[in-house]
Amino acid sequence: MSRVYVFDHPLIQHKLTFIRDKHTGTKEFRELVDEVATLMAYEITRDMPLQDVTIETPVAQCRAKMIAGKKVGLIPILRAGLGMVDGILKLIPAAKVGHVGLYRDPETLKPVEYYVKLPSDIEERDLIVIDPMLATGGSAAAALTALKQRGAKNLKLMCLIAAPEGVKVIQDEHPDVDIFVAAVDDYLNDHGYIVPGLGDAGDRLYGTK
Ligand code: PRP
Ligand code: URA
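0 is the number of the first residue of the sequence shown in numbering that gives the first Met the number 0; add one for each residue after it.
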């Protein structure tokens with residue numbers, strides 16, 4: 000079953016509070032999401048394998064560590080997932096980026112796929128699917144299915160905030176995918192919004208309504 004990791008680093012939790020605050024404007028919201036994405040990237044890469052290499056320091060030869068050639072792919076779910084990409088690329092600049100476009104139909108709350116463009120070698124990459132919100136779980140589950148249908152094998156899901164309902168959907172439909180979040184909130188309201196959440200992530204990132 001998917002494991003759920005809640006990143007409790009004080010910087011992540013502190014910045015998440017400002018992200019949640021309805022008085023935080025678009026510019027600051029975007030900057031904070033970018034910063035938290037960087038901090039979450041630091042945490043999610045904790046298990047990356049290292050290899051020993053030999054280098055020369057100005058003083059002597061030295062056995063040192065390097066990341067063992069892991070290929071990473073970032074898959075933001077459009078559009079709100081885009082807000083986290085640059086923050087992660089600051090730490091993993093060689094990652095390739097694929098895009099899955101989904102929006103949630105406001106009536107049915109079901110995801111509608113409108114765009115998929117992926118690196119050609121996704122089956123060889125460790126993929127991190129990124130979306131600030133895991134609400135009903137419909138969008139993330141559909142994105143994971145779309146990726147698996149195209150050959151993806153190693154997948155992680157990284158979100159800012161999850162609802163317990165969304166976590167359960169991923170655990171039921173994609174038990175091989177671990178979930179990395181900054182918070183698991185209380186519940187979904189009648190409109191499918193996470194409570195207390197942060198509101199509509201896409202609208203807050205891009206100033207739309
Ligand atoms: C939001 C969010 C997730 C989805 C989560 O996107 O960014 O993708 O809702 O909801 P779910 O877990 O119930 O599927 P939205 O559909 O609002 O599209 P947007 O990113 O284009 O604003
Ligand atoms: N999508 C959002 O942007 N926010 C929510 O609370 C739920 C889905």
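Glycine residues also receive a C-beta, built at the ideal position from the N, C-alpha and C atoms.
Is there at least one non-hydrogen atom of the ligand URA closer than 6 Å to the beta-carbon of residue i?
| i | result |
| --- | --- |
| Met83 | no |
| Asp184 | no |
| Gly196 | yes |
| Asp130 | no |
| Asp210 | Shown here, the chain extends from 0 to 208; a query on residue 210 therefore has no answer. |
For residue i, count neighbouring Cβ atoms within 10 angstroms of its own Cβ and tell me buried if that reaches 16, exposed if not.
| i | result |
| --- | --- |
| Leu10 | exposed |
| His173 | buried |
| Cys61 | exposed |
| Leu81 | buried |
| Ile54 | exposed |
| Ala59 | exposed |
| Leu49 | exposed |
| Gly68 | exposed |
If distances are taken between C-alpha atoms only, which option among the options comes closest to residue i?
| i | options | result |
| --- | --- | --- |
| Ile244 | Lys116, Val176 and Glu172 | Within the shown structure, residues of the chain are numbered from 0 to 208, placing residue 244 beyond reach of any answer. |
| Lys14 | Ile160, Tyr186, Ile178 and Tyr192 | Ile160 |
| Ala181 | Ser1, Arg2, Met0 and Gln12 | Gln12 |
| Ile169 | His8, Ala142 and Leu73 | Ala142 |
| Asp51 | Asp33, Leu73, Ile66 and Met0 | Ile66 |
| Asp20 | Leu73, Gly196 and Pro57 | Gly196 |
Mind checking if residue i is an interface residue toward chain C, Cβ cutoff 7 Å exclusive?
| i | result |
| --- | --- |
| Ile91 | Reference to chain C is not applicable here, since this structure consists of a single protein chain. |
Under 6 Å: does the beta carbon of residue i sit that close to some heavy atom of the ligand PRP?
| i | result |
| --- | --- |
| Thr135 | yes |
| Tyr192 | no |
| Gly72 | no |
| Ile169 | no |
In chain order, each beta strand (DSSP E) run of at least 3 residues that lies wholly inside the segment 94 to 174: Within the segment 94 to 174, the complete beta strand (DSSP E) runs of at least 3 residues are 98 to 103, 110 to 116, 125 to 129 and 153 to 161.
Contained beta strand (DSSP E) runs [length at least 3] in the segment 41 to 76, N- to C-terminal order: Listed in chain order, the complete beta strand (DSSP E) runs (minimum 3 residues) inside the segment 41 to 76 are 49 to 55 and 60 to 66.
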